[in-house]
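What follows is one structure encoded as structure tokens, with my remarks underneath.
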Amino acid sequence: MWTPRNHNVYRDTQSRASPSPPAKHRDSMHLAAAMVVVTKRNSTESPLFRLPGEIRNMIYDYATGHYNIYHTCEGRLIVGPIDPWDWRHAFVEFPSAPSLLALTLVCRQTYLEARLHVFANNTFDTKNFFYFRRRVDKLTTAQKNAIATITCAFDCMGKIGFNVFRLTNTIDHTENFLVKPYLDILPAFVGLKRVFVDSSKMTRRNDEYKKYAQAMEDCAVLGIWRFFHKEGMLVEFVQGPVLRLCASCGKCEHCIGNGRRLA
1 MWTPRNHNVY
11 RDTQSRASPS
21 PPAKHRDSMH
31 LAAAMVVVTK
41 RNSTESPLFR
51 LPGEIRNMIY
61 DYATGHYNIY
71 HTCEGRLIVG
81 PIDPWDWRHA
91 FVEFPSAPSL
101 LALTLVCRQT
111 YLEARLHVFA
121 NNTFDTKNFF
131 YFRRRVDKLT
141 TAQKNAIATI
151 TCAFDCMGKI
161 GFNVFRLTNT
171 IDHTENFLVK
181 PYLDILPAFV
191 GLKRVFVDSS
201 KMTRRNDEYK
211 KYAQAMEDCA
221 VLGIWRFFHK
231 EGMLVEFVQG
241 PVLRLCASCG
251 KCEHCIGNGR
261 RLA
């Protein structure tokens, strides 16, 4: 339909097709091709990207790694020290969980290079196993594969099991359900190298209960170690807050000896 206006100007009132959306990448380049251009430009313009890749990895490790990441009962992520005694230093300020990922937001190249460092260079604590499991289910395969260190916390041993141990000096194996959740979830971490087994919350009682906690911890290490040994995985175990090295990377003579003791 044509509508006259000012006797010599006409306006087309027909509906027109909406314009096509812009390309996801400028000039319709694929991400890989775009990254080649970005990398070349950064290598000449950025002091960081002029450094060798090995040095950049050391910087990424320093900026994002060597912390303990755990979940509160409300499901929040908390970043803290590896050594629990460091919590006593009130003047030490630890980064928040989002700030550990801030490096990946700088540009596309830092994202590609540093996106897995936060998973590979931190200890993931399972003190709240329910929220830990929910968080793991949301990770990508690459993120799960990058996780190298996990803490398995055993802090809910039952009173019945303690009484059985106190009277018979043996472990009530009905409490092996404490180990089973870890056996179900640990196979998801194919890059796992170190497992901390921690029963420190159980050892804040009398000496007799500490013996029970130690015995249950040994039982847990044995069960998890047997699983990894069966799967052919080389995993180092670090037991408790005091007994640091207990089992088995499978490489050095000391760990092979521990492995024979546990087998």
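Counting from 1, position 54 in the sequence shown corresponds to residue 54 in full-length UniProt numbering; the numbering is continuous, with no gaps.
Where a beta carbon is used, it is the ideal one built from N, C-alpha and C, also for glycine.
Next on the checklist: For a test of the three-state rule: what should DSSP assign to residue 67, helix, strand or coil?
Outcome noted: coil
Item to check | For residue 70, the nearest candidate out of 58, 128, 147, 145 (CA to CA) | outcome: 128
Next on the checklist: Going by C-alpha to C-alpha distance, which of 152, 68, 61 sits closest to residue 115?
Outcome noted: 61
Checklist entry - In terms of alpha-carbon separation, which member of 52, 145, 58, 135 lies closest to residue 192? => result 145
Checklist entry - Since residue 79 sits in a beta bridge, which residues does DSSP pair it with? => result 69
Checklist entry - By the 10 Å Cβ neighbour count, where 16 or more other Cβ atoms means buried, how is residue 54 classified, buried or exposed? => result exposed
Item to check | CA-to-CA distance, residue 135 to residue 77, given in whole angstroms | outcome: 10 angstroms
Checklist entry - Taking residue 107 as the reference, which of 59, 39, 132 has the closest Cα? => result 39
Checklist entry - Of the choices 147, 188, 184, 181, whose alpha-carbon is the least far from that of residue 68? => result 147
Item to check | Buried or exposed (CB count within 10 angstroms, at least 16 for buried), residue 141 | outcome: exposed
Item to check | Counted within 10 angstroms of its Cβ, other Cβ atoms place residue 111 as buried (16 or more) or exposed | outcome: exposed
Item to check | alpha helix (DSSP H) segment containing residue 141, residue limits | outcome: 141-146
Checklist entry - So what does DSSP say about residue 149, is it helix, strand or coil? => result strand
Checklist entry - When you compare only the Cα positions, how much space is there between residue 131 and residue 125? => result 11 angstroms
Next on the checklist: Could you give the first and the last residue of the continuous beta strand (DSSP E) run that contains residue 126?
Outcome noted: Taken as a continuous stretch (DSSP letters only), residue 126 belongs to no beta strand (DSSP E), as it is neither H nor E.
Checklist entry - When the cut-off is 7 angstroms and only beta carbons count, does residue 112 lie next to chain B? => result Within the model displayed, chain B is absent; a lone protein chain is all it includes.
Checklist entry - residue 118 by DSSP, collapsed to three states: which one? => result helix
Checklist entry - Comparing alpha-carbon positions, which option in 184, 109, 121 lies nearest residue 133? => result 184
Item to check | Rounded separation between residue 99 and residue 105 - CA only | outcome: 10 angstroms
Item to check | Supposed close pair residue 118, residue 64 - CB separation, criterion 8 angstroms | outcome: 5 angstroms
Item to check | Inter-residue Cα distance where the pair is residue 262 and residue 182 | outcome: Low confidence applies here, because residue 262 scores a pLDDT of 36, under 50, leaving its location unreliable and the question unanswered by this model.
Checklist entry - DSSP on residue 28, reduced to helix/strand/coil? => result Reliability fails at residue 28, whose pLDDT of 45 lies under 50, so the model's placement of it is uncertain and the value that follows must be treated cautiously. If DSSP states are grouped into helix, strand and coil, residue 28 belongs with the helices.
Checklist entry - If you draw a straight line from the alpha carbon of residue 57 to that of residue 137, how long is it in whole angstroms? => result 27 angstroms
Checklist entry - Do you know offhand how far residue 48's Cα is from residue 103's? => result 12 angstroms
Checklist entry - Once you ignore the five residues that flank residue 190 on each side, which residues in its own chain have a CB closer than 7 angstroms to its CB? => result 145
Checklist entry - Whose CA, out of 139, 33, 101, 79, lies closest to the CA of residue 123? => result 79
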